[in-house]
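Protein chains in written order, with this note's numbering: chain A, 53 to 239; chain B, 53 to 239.
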């Protein structure tokens, strides 16, 4: 079966996906995006972010709706448990990025998926953020992602997961360095 | 005013915060945590993560409730916009981590906060994840965090933000390397 005969595979509109890639090849400026989140402190370790606008394809855009997310620390870490911890959102982001890529890449290669599940585990020693050890880092010491994928030939599925890892934005952000600047208006 | 006279500052229970630090000093095993997310593919680039259980303080624990988050790509990136992109969750996580730390550190230092807002902007060139350039990385090229903080003396507020950056788990995860392993069961 060719792509032309089945333009939607795994819920991915492959015709539009390939057309988008062609458009970007013709004008690489389309590929420059800026994503954003705005955050507001509520109380203690509880705070809330909103995600709505972004820049991409040479223009300001918005998602169809704004989304708001609470973050907090659990009681054992002196919070009120009004939401996941910030580091749990990082684990979610990693799983989500690898899974989205997996679906796109499988569709582009003509590989059918029936089920994709994953668990992500991040080990962190809080001696770092507590400032109780100079030898322990603040962030995760390691992260383990476990995928369970069903669909076509297992070897093809493994190759698709591997390619997703190699083309994942969040995997790159976590496993490599991103420069971050922090500005403060305390006026 | 001493901590004893005002154990709750900025919504942070400083008495419990200091007691927790003392407990960890007495038994560093308490500080070993594992956070987790489980993800399920829905269709196309749409998938959903659940955050509930974690390990910490030498035992299995759960948040007071499970939380579920949708991630997707917007239409311009061939998705259905059922939720933020994975990379936007990373920006939220960074803002949330810095803000939670800011509130804790300010409380521990006796610095009062009245308002904390931040915006996080992440620049990404999608030529990387599209596989159209070997010179462009997959993840953010740079991230800019802009804080607006009100409360006590501006110089003290700036110092608190700086200390939060130095003790932030997510700032460390993004600005340094975390080893990530990916396992696949395609059976």
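All residues carry an ideal CB built from backbone N, CA and C; glycine is no exception.
Under 9 Å from the C-beta of residue i: neighbouring residues of chain A
| i | result |
| --- | --- |
| residue 171 of chain B | 88, 89, 90, 91 |
| residue 110 of chain B | Within chain A, no residue comes near residue 110 of chain B; the closest Cβ sits about 11 Å away, beyond 9 Å. |
Residues that residue i contacts on chain A, provided the C-beta gap is smaller than 7 Å
| i | result |
| --- | --- |
| residue 183 of chain B | 219 |
| residue 140 of chain B | 87, 89, 103 |
| residue 147 of chain B | 89, 91, 101 |
Below-8 Å beta-carbon distance, residue i vs any chain B residue
| i | result |
| --- | --- |
| residue 137 of chain A | yes |
| residue 155 of chain A | yes |
| residue 79 of chain A | no |
| residue 152 of chain A | yes |
| residue 158 of chain A | no |
Cutoff 8 Å: residue i Cβ touching any chain A Cβ
| i | result |
| --- | --- |
| residue 59 of chain B | no |
| residue 162 of chain B | no |
Closer than 7 Å at the beta carbon, the chain B residues around residue i
| i | result |
| --- | --- |
| residue 187 of chain A | Result: empty, since nearest Cβ-Cβ is about 11 Å, beyond 7 Å. |
| residue 83 of chain A | 177, 178, 179, 182 |
Buried versus exposed, by CB contacts within 10 Å (16 or more), residue i
| i | result |
| --- | --- |
| residue 127 of chain B | exposed |
| residue 160 of chain B | buried |
| residue 224 of chain A | buried |
| residue 135 of chain A | buried |
| residue 97 of chain B | buried |
| residue 131 of chain B | buried |
| residue 71 of chain A | exposed |
| residue 167 of chain A | exposed |
| residue 153 of chain A | buried |
| residue 219 of chain B | buried |
Near the ligand FMN: residue i beta-carbon under 7 Å from a heavy atom
| i | result |
| --- | --- |
| residue 84 of chain A | This structure simply doesn't include the ligand FMN, nor any ligand for that matter. |
Supposed contact pair residue j and residue i - C-beta distance, whole angstroms, cut 8 Å
| i | j | result |
| --- | --- | --- |
| residue 92 of chain A | residue 99 of chain A | 6 Å |
| residue 145 of chain B | residue 145 of chain A | 7 Å |
| residue 83 of chain A | residue 179 of chain B | 5 Å |
| residue 209 of chain A | residue 172 of chain A | Contact doesn't hold; Cβ gap of about 19 Å is too wide. |
| residue 139 of chain B | residue 108 of chain B | Contact doesn't hold; Cβ gap of about 27 Å is too wide. |
Along the region 62-74 of chain B, what residues have a CB closer than 8 Å to any CB found in chain A? 62, 63, 64, 65, 68, 69, 72, 73
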